[in-house]
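Asks: Residue numbers (the numbering used here), protein chains in the order written: chain A, 929 to 1248; chain B, -13 to 511.
This is the structure I want to talk about, given as structure tokens.
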């Protein structure tokens, strides 16, 4: 029983395990290269740097599983965060209302994407490209390009409050979100329908799956993840700047792809995405620690993305 | 004056039509399986030679060998008396042989003239297509050959043309490269009556200029209208070689096309005739029309335990009809009732809840999730229709194993991707997917396409067993022996309408051939 389960895991999570191996090697090398790297302080530093990307990557992975893409996550993060922040600052004691507004704005944006891609069958790339531009522009219009700050102290609970061994609340929140969506993707009907729709849309439709609804829901989830990311970000920094989330979609796509999610849909897991998120974050962190010119970060990240896809390609070619 | 014997021989030679193509003993194998064997074929100058046969008879394979798309494995192939083995279509075109396939090779964004001359060096300067005016003028000149200069504008973009016009542009393109032999592969498949006449006028006027045509088709009445001779292939063999059209009876032609030894693989010999009219009506379709006009006023009934067949040629609207019944396509009028309840228009889910299963025609395209596991594929329909929102890997496995036993699926690991199975076993997984919902009615579109003979026999047995247990079955099949070995009632369709309804006692190959090509029940005699 135990060995067969192990076998199944190694077979089903092959690309994830490969990435985990690479990540482990990277971690070990780094801990020798820099004495500071493996300190709890630095690890927490990495986690805080990846916190919003982690949430965006959950949504991104789910959307990519359907064979789509969501380029609007950065824009939705910025817009929902800004409107929420302005609500919080509009009067006393409104942090809860602010967070609800963030979720509401993101829900509208996500539904907009979802209806256009799922029901009207418009190309996801174009739709979400449009949405991100609209959101970013509205973000500037509404805020008049001003930073919001001076939130009530209680608002820092998620981002700054430490509950256990100096670990902030949002870390547990991230773990919970991953747990929930890993469960949804692997143990529920809805999750299976997501994989099925991405694997073969026509077959999914002929199996009686409401693929339009499933696809729409994935964009809605991705939108809501943006609001949660905005919440963590504003709570951690106790401010909201209109540039928040600029270019965030690229890191989210990178994390999903490095984690083994196939851009053509139907293949990938959130376990892989976790590794992808950590690898992207710790790579950036490591380059900083090693004193590498920050302009090199893009080259390193780009190389890792291409190598991850290349590794996938080679293993697929070897099979056939 | 002394008669010149050479001249006399020349005259005699000229009086005999010159053979521009001669094919002798040609064979073609696909991974060891013969698609063509011992084929002789010839084409005379200025004639229209029809190449006929059922789907899969080998007529397309032969036309592709002649035009250089495929290469022959055995035999000889002469063009104008010269031995030719074309490696590609370019070489064939250089020898004056061109093919116009159903998939056009035209570039939709370019004009007619640009399309015709895009590969012609004369109209380039420094690598750019330049001489637009000259191209347009030359196009008009070519169109004038068969009085089409007012029908097609050389400056028009190809995407604005009708299918018939595109076909003519393809012919002009071939002529611009000095083609003398033109192969038309199913040219009338998507043409209207009027467009067919235009196309045939083009063919007739080019015949006068000694251009020769091979027309690949299965439409009998058109072939009688246009062709001089007919060659019929069946199962890759030559059945009728170059018969003169005006001397060939239609009934002989139909028999040549469809008749074959029916082996017991299909169970024809042991067929049990039975009347189902007293059984409960499961499916009742009334006056069904689809939104595309592929299905016109079709009515049919399937009783409990009855196997109903839909026969006819490809494109007769059979697949569209069953897709409408299942809700994969919307219908524009009429109704579909399952056990008395009218089904929601265009709702697959509603059809599934009513107890209909649907094994589609193309398992790769819309049947199976190739990258996903056997177990996920087999359980997906039941998951949609009947199970709760949480997955159970154990339940999935148990059900898959039950189906593995029942359908004799050869597999080692239910968690392996379904794409690694053979065609026959994939087809069984697709059947398993729908049997899991315990359907009262199973629709099967081409149940044995691309499966080996062993799996074929298994699938027939599975369908018979299901019917014996009381499931109604609606089978679409292009294989006539399959229909004859399985079906209690057979509907024959042509161009979206039902042209004949036959019970198993009345059914024979010639009737199917007749109704699917020209006949109409109640109109004969």
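C-beta atoms are modelled at their ideal positions from N, C-alpha and C, and glycine is treated no differently.
Here the structure is a predicted model, which means the values were calculated and not measured.
Please report the straight-line C-alpha distance between residue 1146 of chain A and residue 372 of chain B, rounded to a whole angstrom.
Replies: 23 Å
Asks: With 8 Å as the C-beta to C-beta threshold (strictly closer), list the residues of the segment 344 to 371 of chain B near chain A in chain order.
Replies: 344, 346, 351, 352, 353, 354, 355, 356, 357, 358, 362, 366, 367, 369, 370, 371
Asks: Taking the DSSP output, what are the residues bridged to residue 270 of chain B?
Replies: B:287, B:323
Asks: Mind listing which residues of the segment 1127 to 1156 of chain A have their C-beta closer than 8 Å to chain B's C-betas, in chain order?
Replies: For chain B, the residues of the segment 1127 to 1156 of chain A that bring a beta carbon within less than 8 Å of one of its beta carbons are 1127, 1128, 1130, 1131, 1132, 1133, 1134, 1135, 1136, 1137, 1138, in chain order.
Asks: Along the segment 1181 to 1205 of chain A, what residues have a CB closer than 7 Å to any CB found in chain B?
Replies: Cβ contacts with chain B: 1194, 1195.
Asks: In terms of alpha-carbon separation, which member of A:1039, A:967, A:1086, A:948 lies closest to residue 980 of chain A?
Replies: A:1086
Asks: The alpha helix (DSSP H) with residue 1130 of chain A in it runs from where to where?
Replies: 1129 to 1134
Asks: Does residue 1190 of chain A pass the burial test, meaning 16 or more other C-beta atoms within 10 Å, or should it be called exposed?
Replies: Classified as buried, residue 1190 of chain A has 16 or more neighbouring CB atoms from the shown chains inside 10 Å of its CB.
Asks: Checking the sheet assignment: what are the DSSP bridge partners for residue 16 of chain B?
Replies: B:19
Asks: List the endpoints of the continuous beta strand (DSSP E) containing residue 63 of chain B.
Replies: 60 to 65
Asks: Anything in the segment 310 to 342 of chain B with a Cβ closer than 7 Å to a Cβ of chain A? List those residues in chain order, please.
Replies: 314, 334, 335, 338
Asks: With a cut-off of 8 Å on the beta carbons, I'd call residue 150 of chain B and residue 100 of chain B a contact; round off their distance for me.
Replies: The Cβ separation is near 20 Å, so there is no contact.
Asks: How would you label residue 230 of chain B, buried or exposed, when you count the other beta carbons within 10 angstroms and need 16 or more for buried?
Replies: exposed
Asks: According to DSSP, which residues form a beta bridge with residue 97 of chain B?
Replies: B:143
Asks: Regarding residue 132 of chain B and the ligand NAD, is the C-beta to nearest heavy atom distance less than 7 Å?
Replies: In the structure on display, the ligand NAD does not appear, and there are no ligands present to speak of.
Asks: For residue -13 of chain B, count the other beta carbons within 10 Å of its own beta carbon; 16 or more makes it buried, fewer makes it exposed. Which is it?
Replies: Confidence at residue -13 of chain B is low in this model, with a pLDDT of 43, below 50, so the placement of that residue is unreliable and no value is reported for it.
Asks: Taking only three categories from DSSP, how would you classify residue 53 of chain B?
Replies: coil
Asks: Under three-state DSSP, which class holds residue 280 of chain B?
Replies: coil
Asks: Measure the beta-carbon distance from residue 429 of chain B to residue 262 of chain B and round it to whole angstroms, keeping in mind my assumption that it falls under 8 Å.
Replies: Not a contact, Cβ separation roughly 17 Å.
Asks: When you compare the segment 267 to 275 of chain B with the segment 313 to 324 of chain B, are there three or more beta-carbon pairs, one atom per stretch, that lie closer than 8 Å?
Replies: yes
Asks: For a test of the three-state rule: what should DSSP assign to residue 30 of chain B, helix, strand or coil?
Replies: In the structure shown, residue 30 of chain B sits in a strand (DSSP, three-state: E or B).
Asks: Check for me: the beta strand (DSSP E) holding residue 161 of chain B runs from which residue to which?
Replies: No beta strand (DSSP E) contains residue 161 of chain B, which is instead part of the alpha helix (DSSP H) from 149 to 162.
Asks: Comparing the C-beta of residue 1249 of chain A with each C-beta of chain B, is any distance below 8 Å?
Replies: Here chain A covers residues 929 to 1248 and nothing more, so residue 1249 of chain A does not appear.
Asks: Cβ closer than 7 Å: which chain A residues qualify as neighbours of residue 401 of chain B?
Replies: 936
Asks: Buried or exposed, going by whether 16 or more other CB atoms sit within 10 Å of the CB of residue 133 of chain B?
Replies: Per the 10 Å Cβ criterion, exposed.
Asks: Taking the alpha carbon of residue 506 of chain B as the reference point, which residue from B:288, B:140, B:478, B:75 has its own alpha carbon closest?
Replies: B:478
Asks: Could you give the C-beta distance for residue 1118 of chain A and residue 375 of chain B, rounded to a whole number, given that I count them as a contact under 8 Å?
Replies: 7 Å
Asks: Compute the Euclidean distance between the alpha carbons of residue 241 of chain B and residue 500 of chain B, then round it to the nearest angstrom.
Replies: 9 Å
Asks: Run down chain B in chain order and give the residues with a C-beta less than 8 Å from the C-beta of residue 1244 of chain A.
Replies: By Cβ distance, chain B contributes nothing, its closest Cβ being about 11 Å from residue 1244 of chain A, past 8 Å.
Asks: Just confirm the distance between the C-beta atoms of residue 985 of chain A and residue 1183 of chain A, as a whole number of angstroms; I'd bet it's less than 8 Å.
Replies: 4 Å
Asks: Can you give me the C-alpha to C-alpha distance between residue 1186 of chain A and residue 1230 of chain A, rounded to a whole angstrom?
Replies: 10 Å
Asks: Which residues does DSSP list as the beta-bridge partners of residue 1096 of chain A?
Replies: According to DSSP, residue 1096 of chain A shares a beta bridge with A:1090.
Asks: Might you give, ordered along the chain, the residues of its own chain that have their beta carbon closer than 7 Å to the beta carbon of residue 1179 of chain A, omitting 5 neighbours on each side?
Replies: 981, 1208
Asks: Which term fits residue 1123 of chain A, buried or exposed, when burial requires 16 or more other beta carbons within 10 angstroms of its beta carbon?
Replies: buried
Asks: Could you give the C-beta distance for residue 988 of chain A and residue 1155 of chain A, rounded to a whole number, given that I count them as a contact under 8 Å?
Replies: Incorrect: roughly 15 Å between the Cβ atoms, too far for contact.
Asks: Would you report the Cα separation of residue 217 of chain B and residue 476 of chain B, rounded to the nearest angstrom?
Replies: 29 Å
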